[in-house]
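Let me begin by presenting the structure, written as structure tokens, before commenting on it.
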Amino acid sequence: MRNVGFVVLNLLLAGVLTASGQSRQPRAHLSLDEGWQFAFGHAADPAKDYGCGTEYFNYLTKAGSIHNEGPYSLKFDASGWKRVDLPHDWVVDLPFAPEASHSHGYKTVGWKYPATSVGWYRKVITLDKADRGPHYELQFDGIFRDARIWVNGFYVGGEESGYASQTYDITEYLNYGDASSVEGRPAGENLICVRVDASLEEGWFYEGAGIYRHVWLNRTAPVYVKTFGTFVHADLQPPFDAATLTIEAVIGNDATSEKHFTLQHSLLDADGRIVGTTSVGKRTLPGKDELSTTAAIRVERPHLWSLDDPYLYQVKTDVIDGDGSIVDTYTTTTGIRHLAFDADRGFFLNGQPVKLLGVNMHQDHAGVGAAVPDAMQAWTVRQLQSIGCNAIRTSHNPATPELLDACDRLGMLVLEENRLTGVNDFQRRQLSQMIRRDRNHPSIILWSIGNEEWGIEWNDYGRRIAAAMREFCHRMDSTRLACVASSSGPTINEPMDVAGYNYILQNPVEEHRRNYPKRIALGSEETTGCGTRSVYFDDVGNGRMAAINRSKQGPDSLFNCIERGWQFYHQRPWVSGLFYWTGFDYRGEPNPLAFPATGSEFGILDYCGFPKDEAYYLKAWWTDEPVLHLLPHWNLQGHEGEEVDVWAYSNCAEVELIVNGRKLGRKAMPKDGHLSWKAVYQPGYIEARGYDGKGRRIKTERIETTGAPERMRLSADRTSLRADNQDVAVCTIELQDRRGRFVPTACEEVELEVSGPVRILGVGNGDPAWKAEERPADRDARKFRVRTFNGLAQVLLQTTREAGPATLSCRQGKTAGQLQFNINNK
């Protein structure tokens, strides 16, 4: 058989898709993430792009391309293509180049690099004759970017934006166990083919390339609830002891004849018990049409969704045909909560004041780029919560759905942002797709129409466009307000429900308050001034810098900016809160540096999620946990005899500093502030002692000059994982000296080896100038390596579909360590 590569790609759906008996439920939401083939095309040379679109009868000139020989034909031999699973970001594997895009991290992708900016994906699924009858659609959660999709040679559609979820009705294009159109191929084969062109950028930050989010096959009865077709929202007023839950549902009819149906909605609590029901009476739906319905459920003593108790309900919607049979069941997860913004008092959740303690987040991570696994979305939220963060702004695009799911489950507020401000058809569709897909998430409290649109912030264009987009948001979702993140221009904020201010140094926030005293406001961006983790002296030639927050003084500088920002917003109750730039480091925008730096260094946590010093400033003032953090580390070799600033981030009432046995003074900690002392560096130790308001010592922090790395400490966020080919453990390598002290300057090569049903998904270390390979070229490789950066490195382990014990073994010189994992089917 010529196309032997297809055999391993077949997803035999017949057993999954076919049900029998009275309980037959056609609806299925089936993952198509596994078993794709991938190859590069070419953005400038059609001959190297498999002749796409140049055929005599191409996909634009005829209804189907079934007689052509390109990648979207079953005749095509893709046996030499690479096997990949989704999500997949091919830019992770590309080299760096100093002439490449600064904003996108100096990776060789984009219009300068046509040979690595177009990618092709292929996957074959198999249906049998029993699968004929239901409605089928392909759902892509995100493809970066300019995607074109074919099924069995038929062009089913495309999407320019790399951030839009998209669905395609493929019912009429599928082969249901009929004879193959290709001699020698099995009956019932169906080819899905996707061409992705990342030549152009949408943002000014790393965006990756490829099918970097999930792909699904949705199967329903011909009469069904449309994908993203429900909107569940609560009318909840003080004292919040009862709620009216409105359920809007859009029903589609894929049949050619009219159909009769009724709806039954059931509200289920977190234990799966029905706590309320309602129905929609008989409706008639013409063929190939859709119809909107509305119903309501009264909920007594609702269990409210909150930050500390993110309680979730489910609404089960049954579509019942004219014969009384349930033909479709659609489940919507929701939370019941009350949102309120006040121009004088800020934000309220369920009647309680909540200051938004937020961060901005791009969507990439070390080792995986933009293709972040689901398990890591929840891990990311927990990392941010550990420093007191309670809100995320999805700068500057709609979020991956699984991040929003994690925020719902874990209690994190979200300001979700639209990618591009504007009112043309394409831009309205992008905004509509975001709101329709995500408006059931209780974590989302605001929509943002865009970010820093300098060209229109100061003129009437901005005012008119913002007003139109605000009204469009309200038509799609009357339960949430809309904002815009502005750099300083006044007109774009005028029509918005909430004014978003990016940076108090460039926004006249107080002046706007005087001019518009009834305007709701928040700080949509505020700088942290962080630098490279554990770097205290600029090393520009190697792409690393000390924190601007602590090292660049002057009246208009960013010195002490993280503190200045929090004090400004904390002292003004009329401002709802702030979002620091950024929570994590991200690839691209290494400002104010350039190559060899390839990533931003303004994260509170680095590219791997390891905390920088400024994380402890926020933890001190954003949590009730006693915090005492000293900096710098005391391995400052080469600076002996020099005077250095020693800082303490703490929420203790007083802090005393001791340097090499000498007491340098006990000082009162200013509210929302820090303490500092001048000290002369000599190897030894520094020690801080924290006292409460009664003078009792409650916290001690001691940092010693360490020896060379001779020991290794390994840890993982979890050691029990699911055998689902998706789950991920986030593993940390920490190098220590012979006395077990963390070595904050250790940059050493570590050899990795895995055994059992896991693979090395990716590695990182938080170094913004690190340019080694981030994952094995062979996805099943048992060995790899990573270099620690300032004592730390990260390994991402992903499970396979097999259960059993697994091991990660690490070796650095004579030092070794091991982690054990249990991979199970639960």
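If you read the sequence shown in my numbering, its first letter stands for residue 53, the second for the next number, and so on.
Idealized CB from N, CA, C, for every residue including glycine.
Since the structure is predicted, the reported quantities are computational estimates derived from the model, not experimental observations.
Assuming residue i contacts residue j (C-beta within less than 8 Å), just tell me the rounded distance between them.
i      : j      : result
ALA199 : GLU189 : That belief does not hold up - the Cβ atoms of ALA199 and GLU189 are roughly 15 Å apart, past 8 Å.
ASP293 : GLY387 : The pair is not a contact, with the Cβ atoms about 17 Å apart (cut-off 8 Å).
ILE614 : GLY581 : 6 Å
LEU84  : TRP268 : 6 Å
LEU871 : LEU766 : 5 Å
ARG763 : THR867 : 6 Å
VAL846 : THR784 : It is Gln, not Val, that sits at residue 846 in the sequence shown. Correct: roughly 6 Å between the Cβ atoms.
Is the separation between the beta-carbon of residue i and that of residue j shorter than 8 Å?
i      : j      : result
PHE647 : PRO150 : yes
TRP88  : LEU138 : yes
PRO809 : LEU787 : no
THR383 : LYS368 : yes
THR308 : GLY339 : yes
GLY93  : TRP172 : yes
ASP193 : ARG237 : no
TYR158 : THR650 : yes
GLU826 : VAL144 : yes
ALA534 : TYR553 : no
THR329 : GLN316 : yes
VAL796 : SER586 : Correcting the residue identity first, residue 796 is Pro in this sequence and not Val. Contact flag set, yes.
GLY575 : TYR621 : yes
ARG515 : PRO547 : yes
PRO450 : TYR220 : no
HIS312 : GLY376 : no
SER344 : VAL302 : yes
ARG839 : GLU805 : no
LYS723 : PHE148 : no
Please classify residue i as buried or exposed, where buried requires at least 16 other C-beta atoms within 10 Å of its C-beta.
i      : result
ASN442 : buried
PRO78  : buried
THR113 : exposed
GLU310 : exposed
ASN476 : exposed
ASP697 : exposed
SER217 : buried
PRO857 : exposed
LYS407 : buried
PRO666 : A quick correction: the sequence has Glu, not Pro, at residue 666. GLU666 comes out buried.
ASP637 : buried
LYS175 : buried
HIS448 : buried
ARG714 : exposed
GLY593 : exposed
THR752 : exposed
SER131 : exposed
Please return the same chain residues whose Cβ sits closer than 8 Å to the Cβ of residue i, not counting the five positions on each side in sequence.
i      : result
SER75  : Its pLDDT being 34, under 50, SER75 is placed unreliably in this model, and the coordinates cannot settle the point.
ASP512 : THR543
TRP506 : SER539, GLY541
SER169 : ALA95, VAL161, GLY162, TRP163, ASP249, ALA250, SER251, ALA261
THR9   : One cannot answer for residue 9 here, as it falls past the ends of the chain, which runs 53 to 878.
LEU320 : ILE326, VAL327, TYR365, GLN366, VAL367, LYS368
PRO494 : TRP357, PRO362, LEU364, THR386, GLY387, ILE388, ARG389, ASP460
CYS525 : LEU483, ILE487, TRP499, ILE501, ARG532, ALA534
ARG397 : PRO405, PRO625, TRP626
Might you give, ordered along the chain, the residues of its own chain that have their beta carbon closer than 6 Å to the beta carbon of residue i, omitting 5 neighbours on each side?
i      : result
LEU297 : ALA286, ILE349, VAL351
VAL136 : TRP88, PHE90
SER153 : GLY162
PRO663 : LEU657
SER318 : ILE326, THR329, LYS368
GLN191 : THR219, TRP268, ASN270
Residues in the same chain with beta-carbon distance under 7 Å from residue i, minus the five sequence neighbours each way, listed in chain order, please.
i      : result
TYR743 : CYS704, ALA705, GLU706, ARG749, ILE750
GLY440 : LEU409, LEU670, LYS671, TRP674, THR675
THR531 : HIS285
PHE589 : ALA598
PHE393 : PHE399, LEU533, VAL550, ILE572, SER628
Quiz item: Do the region 682-692 and the region 628-642 meet, that is, are 3 or more Cβ pairs less than 8 Å apart?
Solution: no
Quiz item: Would you call the region 774-791 and the region 421-431 touching, i.e. three or more CB-CB distances under 8 Å?
Solution: yes
Quiz item: Does the pairing of the region 730-737 with the region 756-770 give three or more beta-carbon distances under 8 Å?
Solution: yes
Practice problem: Pair every Cβ in the region 486-495 with every Cβ in the region 452-470, then say whether three or more of these pairs are closer than 8 Å. | Solution: yes
Quiz item: So does the region 389-396 actually touch the region 411-422, counting three or more Cβ pairs closer than 8 Å?
Solution: no
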